[in-house]
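Student: With the numbering used here, you'll find the sequence shown wraps up at 259, consecutive numbering, no jumps. Positions of the beta carbon are idealized from the N, C-alpha and C atoms, including for glycine.
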Amino acid sequence: MTRPIPLRPAEPPAAPRHIGIIMDGNGRWANRRGQPRTAGHREGAEAVNRTVTACRERGVEVLTLYAFSAQNWARPETEVAALMQLLYDYVLGERASIMRQGIRLQAIGDVEQLPSFVRGPLRALEAESRHNHDMTLALALSYGSREELVRSARALAERVARGELDPADIDEAALGGGLDTAGWPDPDLIIRTGGERRLSNFLLWQAAYAELYFTPVAWPDFTPHDLDAAFAWFADRQRRFGLTGEQVEADVMERASC
Ligand code: FPP
2 MTRPIPLRPA
12 EPPAAPRHIG
22 IIMDGNGRWA
32 NRRGQPRTAG
42 HREGAEAVNR
52 TVTACRERGV
62 EVLTLYAFSA
72 QNWARPETEV
82 AALMQLLYDY
92 VLGERASIMR
102 QGIRLQAIGD
112 VEQLPSFVRG
122 PLRALEAESR
132 HNHDMTLALA
142 LSYGSREELV
152 RSARALAERV
162 ARGELDPADI
172 DEAALGGGLD
182 TAGWPDPDLI
192 IRTGGERRLS
202 NFLLWQAAYA
212 ELYFTPVAWP
222 DFTPHDLDAA
232 FAWFADRQRR
242 FGLTGEQVEA
252 DVMERASC
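1) Can you say whether HIS134 is buried or exposed, counting buried as having 16 or more other CB atoms within 10 angstroms of its CB?
2) Mind listing, in chain order, the continuous alpha helix (DSSP H) runs of no fewer than 4 residues lying wholly within the stretch 128-186?
3) Excluding the five sequence neighbours on either side, which residues of its own chain have a C-beta within less than 6 angstroms of the C-beta of GLY178, listed in chain order?
4) Mapping the DSSP letters down to three states, classify GLN248 as helix, strand or coil.
5) Can you list, in chain order, the residues of its chain with a C-beta nearer than 6 angstroms to that of LEU228? Leave out the 5 residues immediately preceding and following it.
6) Are at least three pairs of beta-carbons, each pair with one atom in the stretch 165-184 and one in the stretch 141-155, less than 8 angstroms apart?
7) Helix, strand or coil for VAL112 per DSSP?
8) DSSP on LEU93, reduced to helix/strand/coil?
9) Apart from the five residues just before and just after ASN32, which ones in its own chain have a Cβ nearer than 8 angstroms to its Cβ?
10) If you count every other CB in all the chains shown that lies within 10 Å of the CB of GLN207, and 16 or more means buried, which is it?
11) Among all the DSSP beta bridges, which residues are the ones paired with ARG261?
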């Protein structure tokens with residue numbers, strides 16, 4: 002029997018290259034303090050700042066933050082408006098800091114749905130930061146993984162209909178290449194704050210082999226210390242990518258002896 006080729010080298014994970022974060026628990030954080038939900042989101046924006054800086058300092062290549070889902074449009078109008086205002090404030094207020102830190106900002110999701118007062122500055126910062134290399138900060142906005150997959154599948158179907166693509170050539174690379182995250186490493190680690198244990202339509206395809214870390218800490222309380230706890234947990238995981246534990250061990254030994 003020939004040996005299967007691992008999807009990625011089977012080395013112990015040092016640091017995650019791509020982290021996705023589901024920033025949950027803002028509303029409950031605020032309610033516990035007798036404040037409106039929007040106060041939790043405002044405090045959550047502070048947690049965004051410190052987490053972005055901490056990830057960059059720890060050498061993360063891509064940080065994807067689930068800031069507003071395709072389904073969040075159905076929240077009360079006042080909450081949606083407050084979140085849009087916070088995004089606007091973030092893009093304008095953090096512009097200098099993002100540039101100073103050499104961060105490339107990119108939005109993923111159905112960005113055209115965002116109101117133009119948010120979309121304009123967002124697109125401008127995407128363009129201004131496009132040559133930055135120290136970290137990519139992906140903001141998932143009006144984002145849904147199922148919706149993203151549908152967009153990619155539809156684009157392939159249109160190419161087939163135009164006679165440009167043979168259905169037999171549709172493979173993982175073709176479908177993955179049509180996603181908003183094309184060209185990025187898949188997330189190694191997905192963190193969800195706020196105590197719930199689900200993916201909520203976040204990076205479903207890309208998370209096929211991600212390690213999932215759930216913490217009860219509400220997003221506004223999330224600190225670099227909590228990030229380090231997630232990193233430490235991640236470093237202890239054995240990533241097998243479909244192989245057996247023994248195969249992974251043997252691979253590590255083989256590499257060590259080279
Ligand atoms: C989920 O918590 C959080 C959101 C829907 C919004 C996240 C937004 C921010 C952290 C601030 C703005 C973002 C940036 C990038 C500046 P929830 O409201 O569902 O919390 P709950 O489960 O306690 O109700």
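Tutor: So, from the data block:
1) Along the sequence shown, read from residue 1 onward, the residue named residue 134 stands at position 133. By the Cβ-count criterion, HIS134 is exposed, with fewer than 16 other Cβ atoms from all chains shown falling within 10 Å of its own Cβ.
2) Within the stretch 128-186, the complete alpha helix (DSSP H) runs of at least 4 residues fall at 146-162 and 173-178.
3) Position 177 of the sequence shown, counted from the start, is the residue given in the question as residue 178. Close CB contacts of GLY178 within its chain, under the 6 angstroms cut and outside five residues either way in sequence, are absent.
4) Here residue 248 refers to the residue found at position 247 of the sequence shown. If DSSP states are grouped into helix, strand and coil, GLN248 belongs with the helices.
5) Taking the first residue of the sequence shown as 1, we reach residue 228 at position 227. Result list for LEU228: ALA55, in chain order.
6) The stretch 165-184 is in contact with the stretch 141-155.
7) Taking the first residue of the sequence shown as 1, we reach residue 112 at position 111. In the structure shown, VAL112 sits in a helix (DSSP, three-state: H, G or I).
8) Within the sequence shown, residue 93 is the residue found at index 92, counting from 1. In the displayed model, LEU93 falls within a helix according to three-state DSSP.
9) Residue 32 sits at position 31 when you count from the first residue of the sequence shown. Here the set comprises ARG38 and GLY41.
10) Within the sequence shown, residue 207 is the residue found at index 206, counting from 1. Counting of Cβ neighbours within 10 angstroms places GLN207 among the buried residues, the total reaching 16 or more.
11) The requested residue 261 does not occur in the structure, where the chain is confined to residues 2 to 259.
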